[in-house]
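J.: Got a structure for you, questions after.
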Amino acid sequence: MIRVLFATSEVYPLMKTGGLADVSASLPEALCRLEYDVQILLPGYPDALRAARKAGSRRKARFQLGQYNVSLWQTRLPGTAVTLWLVDCPPLFDRPGNPYKNEEGKDWWDNAHRFELFGKVGAMIAMGEAGLSWRPDLVHCNDWQTGLIPVFLEAYHDRPGTVFTIHNLAYQGLFSHETFRALALPDSLWNLEQLEFYGQLSFIKGGLVFSDRITTVSPTYALEIQTPEFGNGLDGLLRHRQDALTGILNGIDNRVWNPEEDPELSFHYGRNHLKNKAQCQAGLQQELGLEVNGGPLLGFIGRLVEQKGVDWLVSVMPRLLEQGCQFVVLGSGEASYEEPLKRLARQWPGQMSLTLGYNEGLSHRITAGCDLFLMPSRFEPCGLNQMYSLRYGTIPVVHGVGGLADTVQDPQEVGIDKATGFVFTGANADSLLAAVNRALQVFEKRKQWRRLQDNGMAIDYSWKQRARTYGDLYQRILKERDQQQLD
Ligand code: ADP
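Just so we're aligned, residue 1 is where the sequence shown starts under full-length UniProt numbering, counting upward by one.
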């Protein structure tokens, strides 16, 4: 049985700011079902440690790393049989709220130290130096927070295999040269081919340069990041490593996201009995103080940041509201995006609802209750909400980039019989508006709309097949490592 240490800074339901948390829960679980021994490594955030203690979990190792006392707690990811290791180091991880930012929304001043220590512990476990009886054959790293693990492991000839998954290339873990020196990394790593990125230390480069394989969370994103437009300055490196780079589409947790038995919904429905979807819509409209009028109800859920195309959304909303559309927006993020949304909500009471903040339950009810779900992301490594929407018979309107292009089929491309949603290709608000209007025209033709819903709901978005693809990749990496160690 292949043993894998899955290192991540977020895992649902213990800590979540975005899609990384969903993937870090469902992929390891799916792999465990395929008989891989995947164990998760997570920083010991207060809620996670509390849950572990409550579940009667035990401390399995204790050691000193520099000035810090570190313990490793072994527990299970709630609701699963997956083993979870928590890196308990209170001075670095015992902080409330967001894992990367303080209460004012600023990055913690010592993020480099926090995730250096996390990476070091990951490397120690990988090399059997952390005092655990378990040692992995392979380490699966995720995003910049784990980027130093492959760097630390590079020093060992008999290291496990490594794979680094890019969930979002725009977040790179950049720090000053001073910080680089303070981390006591070997000076020899400070060069353009390794950890330096335009005069800064780049954690993500560690993962991209030193891992055996790199993956992205959709095939199209794997291609896009090799271009200057989407490469965030790393396209050259990624082109150089293209033989090691593949895209594997994310799946979704079919049990958490299932309109047939979603506990967040008062009414349930499915592919062959959609009637109750209208009840879900009416319930949502009532919950949010919107007029109950049969739609069209348009939804958006996500971080209110530039990536998500919130400015395009804001600029098309007045026109659509005037046409009689209703809007439900759930998210939080930058003030420059929150403010115009607040203004619109004030101007259009009963027709536009804005909920600022994070609300898991409401996100399910929006996914179920809306007719259309908008994702005008400028770029989107995979995107989960469009898949949740498809599963819930809610038609996505998306910008044709990254995972959105891989998961939504437009009638203009494949015909109405095969289509699942609407895709626009121009990176601007007008293209978004045109796509929404095309969607609204089909909305009036109930039979065609029903066809789109049915097509989307028929697709299997589960992790099963996709986890198998990761499993095949793990096996390939281990074979290559064996070969290298023989050479
Ligand atoms: P990203 O990781 O870039 O934020 P994804 O689409 O991959 O985007 O994943 C976002 C995840 O976070 C989804 O599960 C989405 O439903 C959830 N989400 C984002 N914002 C909120 C919010 N305000 N309330 C509830 N869930 C949210």
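We put the beta carbon where it would ideally sit given N, CA and C, even for glycine.
All of these numbers come straight from a predicted model, not from anything done at the bench.
(1) Where do the ends of the beta strand (DSSP E) carrying histidine 140 lie?
(2) Could you name the residues of the same chain whose beta carbon sits closer than 6 Å to that of tryptophan 449, not counting the 5 residues immediately before and after it, in chain order?
(3) Please report how far the alpha carbon of lysine 308 lies from the alpha carbon of glutamine 483, in whole angstroms.
(4) Spell out a yes or no on whether the region 352-368 and the region 256-270 are touching, meaning 3 or more CB-CB pairs, one atom from each, closer than 8 Å.
(5) So is tryptophan 463 buried or exposed if we call it buried at 16+ other beta carbons inside 10 Å?
(6) What are the boundary residues of the alpha helix (DSSP H) that glycine 19 is part of?
(7) Starting from isoleucine 40, trace the beta strand (DSSP E) both ways and give me its first and last residue.
(8) Which residues bound the alpha helix (DSSP H) around asparagine 455?
(9) Taking the CB atoms as reference points, tell me whether lysine 205 and glycine 147 lie closer together than 8 Å.
(10) Between which residues of its own chain and tyrosine 198 is the CB-CB distance below 8 Å, once the five residues before and five after are set aside?
(11) Between the C-alpha atoms of glutamate 35 and methionine 1, what's the straight-line distance to the nearest angstrom?
(12) What residues in its chain sit with their C-beta under 7 Å from that of phenylalanine 424, if we drop five residues either side in the sequence?
(13) Per the DSSP calculation, glycine 302 is bridged to which residue(s)?
(14) On the three-state DSSP scale, how would you describe glycine 179?
(15) Only counting the same chain, and skipping five residues up and downstream in sequence, which positions put a Cβ closer than 6 Å to that of valine 316?
(16) Please identify the residue among Asn142, Tyr156 and Phe203 whose C-alpha is closest to the C-alpha of serine 176.
(17) Looking at serine 332 and the ligand ADP, is the gap between the Cβ and the nearest heavy atom below 7 Å?
(18) Just confirm the distance between the C-beta atoms of aspartate 137 and arginine 3, as a whole number of angstroms; I'd bet it's less than 8 Å.
(19) Please identify the residue among Asp94, Arg50 and Cys89 whose C-alpha is closest to the C-alpha of leucine 77.
(20) Report the rounded CA-to-CA distance for threonine 420 versus asparagine 168, giving the unit in angstroms.
T.: Taking the geometry as given:
(1) 138-142
(2) Val442 and Phe443
(3) 43 Å
(4) yes
(5) buried
(6) 19-33
(7) 37-43
(8) 446-458
(9) yes
(10) Gly233
(11) 7 Å
(12) His399, Gly400, Ser431, Leu432, Ala434 and Ala435
(13) Gly331
(14) For the sequence presented, residue 179 should be read as threonine rather than glycine. Here threonine 179 sits in helix by DSSP.
(15) Ala429, Leu432 and Leu433
(16) Phe203
(17) yes
(18) 5 Å
(19) Arg50
(20) 25 Å
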